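Structure first, then comments.
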Amino acid sequence: MGQNLEKATFASGCFWCGEAIFEELEGIISVENGYAGGEMENPTYEKVSGGKTGHTEAIQITFEPEKISYSDLLEVFWATHDPTQKNRQGPDVGHQYRSVIFYHNEEQKKLAEESKKHLEELSELKKPIVTEIVPLEKFYPAEKYHQDFYSHNPGAPYCQVIINPKLEKFRKQFKEKLKK
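Residue numbers (the working numbering): 154 to 333.
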C-alpha cells in the first residue's frame, strides 16, 4: 500500500449503495458510511433519516491516487446515481438523500466543477443536474451496523432489489477499474 493516501466524500442517495460500489474499485483502501453537510453535531441515523439535521447520507473514501484518480472516482459517482433527482434516489426520498460532492481541497473542487460542466455539456439527461459541490466541513461516521452493510447482508431485501442491479450495471461499465 502506498503512503500517499487521499480522501473523497460523496453523497448519492443511500450510503449502502455507494459503499458497495466504491469498495470494488482498484486503489480503494476503505469506504466509510456516515453523515455530512448538516448542522447537528454527532448525528445519529434516526435523526438524519428524520430529515431534521441538514445532513445527508454520505460515504468517505480513502484511496491511493497512484492507482485510481479523483477524476476516476468522479466518473463512477456520476454514473452510479441520478444527479438530476433533487432530494431522492430511487425509493429513498428526502434532503438526507441529495446528491453532493464534498470537496477536501481546491483541486477536488476544480475537478468536481469541471466534471459537472462536462457532463452537462455532453449529457443526454432530460433535466438539469442538481448535485451540490460544497466544501466538506465535517464527516461523522455512521453507526457500526451501517458499515460494510452490503457485504454483511447480501440477502437483505434492499440489497437484492436496489443494490444488486446497481452493482451489476456498475461492474459492466467499469470492469477495467475493479479490484482483481
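Glycine is no exception: its CB is placed at the ideal position from the N, C-alpha and C atoms.
In this text the structure is predicted, and so the values were computed from the model without any measurement.
Boundaries (first-last residue) of the alpha helix (DSSP H) holding residue i
{"i": "Tyr-198", "result": "198-202"}
Expected contact under 8 Å - CB spacing of residue i and residue j to nearest Å
{"i": "Ile-286", "j": "Lys-270", "result": "Incorrect: roughly 10 Å between the Cβ atoms, too far for contact."}
{"i": "Cys-312", "j": "Asp-245", "result": "Contact flag wrong, Cβ pair sits at about 14 Å."}
{"i": "Leu-264", "j": "Leu-227", "result": "6 Å"}
{"i": "Trp-231", "j": "Leu-278", "result": "At roughly 10 Å, the Cβ-Cβ gap does not stay under 8 Å, so Trp-231 and Leu-278 are not in contact."}
Minimum C-alpha distance to residue i - residue among the options
{"i": "Ile-254", "options": "Phe-292, Glu-274, Pro-218, Gly-247", "result": "Phe-292"}
{"i": "Glu-296", "options": "Asn-157, Ile-181, Lys-200, Glu-192", "result": "Lys-200"}
{"i": "His-299", "options": "Ser-202, Phe-216, Leu-178", "result": "Ser-202"}
{"i": "Gly-191", "options": "Lys-333, Leu-289, Gly-308, Lys-330", "result": "Leu-289"}
{"i": "Lys-160", "options": "Phe-168, Ile-182, Lys-322", "result": "Ile-182"}
{"i": "Lys-205", "options": "Leu-272, Leu-158, Gly-247", "result": "Gly-247"}
{"i": "Asn-157", "options": "Pro-196, Leu-320, Glu-219", "result": "Glu-219"}
{"i": "Gly-187", "options": "Tyr-198, Asn-306, Asp-235", "result": "Tyr-198"}
{"i": "Met-193", "options": "Gln-249, Trp-169, Ser-304", "result": "Gln-249"}
{"i": "His-257", "options": "Arg-324, Leu-320, Ala-189, Thr-237", "result": "Ala-189"}
{"i": "Pro-307", "options": "Cys-170, Ser-165, Ala-164", "result": "Cys-170"}
{"i": "Pro-196", "options": "Asp-301, Pro-294, Lys-328, Lys-333", "result": "Pro-294"}
{"i": "Lys-330", "options": "Glu-274, Tyr-223, Tyr-303, Asp-301", "result": "Tyr-223"}
Span separating the alpha-carbon of residue i from that of residue j
{"i": "Glu-217", "j": "Val-229", "result": "16 Å"}
{"i": "Met-154", "j": "His-208", "result": "Low confidence applies to Met-154: its pLDDT is 48, below 50, so where it sits in the model is not reliable enough to give any reading."}
{"i": "Lys-322", "j": "Thr-162", "result": "22 Å"}
{"i": "Ala-309", "j": "Ile-282", "result": "31 Å"}
{"i": "Gln-242", "j": "Val-184", "result": "20 Å"}
{"i": "His-305", "j": "Leu-320", "result": "16 Å"}
{"i": "Ser-252", "j": "Lys-280", "result": "14 Å"}
{"i": "Gln-213", "j": "His-234", "result": "16 Å"}
Where the beta strand (DSSP E) through residue i begins and ends
{"i": "Ser-222", "result": "Neither: Ser-222 is in no beta strand (DSSP E) and is coded neither H nor E."}
{"i": "Phe-175", "result": "That residue, Phe-175, is in no beta strand (DSSP E); its alpha helix (DSSP H) goes 168-175."}
{"i": "Gln-261", "result": "Premise fails: Gln-261 lies in the alpha helix (DSSP H), 259-275, not in any beta strand (DSSP E)."}
{"i": "Asn-186", "result": "181-189"}
{"i": "Tyr-293", "result": "292-294"}
Touch check for the region 165-174 and the region 311-319: three-plus C-beta pairs under 8 Å? Yes, since at least three Cβ pairs between the region 165-174 and the region 311-319 fall closer than 8 Å, the two stretches touch.
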